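Mapped onto the working numbering, the consecutive letters of the sequence shown carry residue numbers 2 to 235.
Built from N, CA and C at the ideal position, the CB exists for glycine as well.
As the structure is a computational prediction, the values presented were derived from the model and not from experiment.
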Amino acid sequence: MNAPLNHPLPLLDLDVLRTFVAIAETGSFTTAANAVFRTPSAVSMQIKKLEDILGRSVFARDARSVTLTTDGEMLLGYARRLLSINREVVSKFIIPDIVGVVRLGSPDDYGERVLPHVLKRFAQSHPSIAVDVTIDQSINLRRRMDDRALDITLLTNSYKTSALGAEVLLTEPIVWAGAKGGCAHLREPLPVSLWEEGCAWRAGALEALGREGRNYRVAYMSAHTAGQRAAIMS
C-alpha cells in the first residue's frame with residue numbers, strides 16, 4: 002500500500018544502502034560484512050531493516066547463494082546513484098582541501114579479501130590522497146607502527162587487543178582447513194601447513210594441537226594466503 006501524500010516517507014540510511022550494494026556485488030553476506038567492517042548478523046539486521054522500510058524482499062536466499070529479487074535489481078540502480086550523489090556532495094565541500102599520503106598496513110589475508118573494496122571506496126571519496134600499502138605479518142606491522150613507519154594498520158591477533166592500543170573491527174573463528182575429500186587429517190603424524198613465526202594463527206594452531214596431544218609435522222610454511230591455499234590443494 003502506498004503511503005498517503007501527506008504522510009512523511011521514511012529516509013533510507015546510506016550505510017544500509019552501502020551494505021546492500023556490497024552484498025549485491027559480492028553475492029555473499031559474509032564477504033560483504035568484511036567489506037563494510039560489520040558482523041554478518043549486523044549486516045542481516047541492516048537488510049531486514051531495509052526490507053521492512055520498503056515492504057519488499059530485495060534478496061532471494063538459500064543455503065548456497067544470495068541473488069537479487071526483481072525489486073532488488075531495481076533498488077540496486079537507485080542505491081548506486083544515491084551513494085554516488087553522496088560522494089559528489091561530500092567531495093564538493095570537503096575533499097579538495099585534503100591531500101597527502103596515507104601509509105596503510107595489512108596482513109596478507111585481509112589485503113586480499115578486504116582491501117580491494119576499501120581502497121576502491123577510499124579512492125572515490127578521497128581522490129587526492131595516495132595510499133601506500135604495506136602487506137606483512139601482524140608482528141612486523143606492529144613494529145612499523147611503533148617506529149612510525151605506518152599511519153594505520155589492520156592486525157590479526159588471537160588474544161586481547163587492549164595492550165596493543167587497538168580497536169576490534171571484526172572477530173572471526175579460526176578453523177582447520179583441508180582439501181575436499183582429502184585424507185591428510187588421518188595421517189600420523191599430522192602434516193600441517195603453517196604461517197611463519199610470529200603469526201597469531203600459527204600460535205593458535207600449535208596451541209590447539211598441544212592441548213589435544215596430537216603429533217604433527219610441519220610440511221609447509223608460507224606467509225601468504227595463496228601459498229597456504231596451494232599447500233591445502235596439493
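Boundaries of the beta strand (DSSP E) around residue 192: 191-195.
If only uninterrupted alpha helix (DSSP H) runs of at least 4 residues are considered, those enclosed by the region 104-135 are 109-114, 116-126. Residue range 67-69 is occupied by the beta strand (DSSP E) that includes residue 68. Contact between residue 36 and residue 91 does not hold, since their C-beta atoms are separated by about 20 Å, which reaches or exceeds 8 Å. Proximity to residue 33 across 153, 87, 12, 119 peaks at 119, based on C-alpha coordinates.
The C-beta distance from residue 123 to residue 132 rounds to 7 Å, short enough to fall under 8 Å. When Cβ pairs closer than 8 Å are counted between the two stretches, the region 185-201 is seen to touch the region 211-220, the count reaching three or more. Here DSSP, grouped into helix, strand and coil, assigns residue 145 to helix.
In this structure, the alpha-carbon of residue 62 lies about 7 Å from that of residue 68.
With distances taken between CA atoms, residue 230 lies nearest to 178 out of 184, 210, 178. Contact annotation, residue 17 with residue 50: C-beta distance approximately 6 Å; criterion of less than 8 Å satisfied. For residue 54, the three-state secondary structure derived from DSSP is helix.
By the Cβ test, the region 37-45 is not in contact with the region 77-89, since fewer than three Cβ pairs between them sit closer than 8 Å. According to the DSSP assignment, residue 220 belongs to the beta strand (DSSP E) that extends over 217-222.
For residue 62, the enclosing beta strand (DSSP E) has its first and last residue at 60-62. Between residue 104 and residue 72, the C-beta spacing is not below 9 Å. Sequence-distant Cβ neighbours of residue 11 in its own chain, meaning closer than 8 Å and more than five residues away, are 54.
Between residue 234 and residue 195, the gap from beta carbon to beta carbon reaches 9 Å or more.
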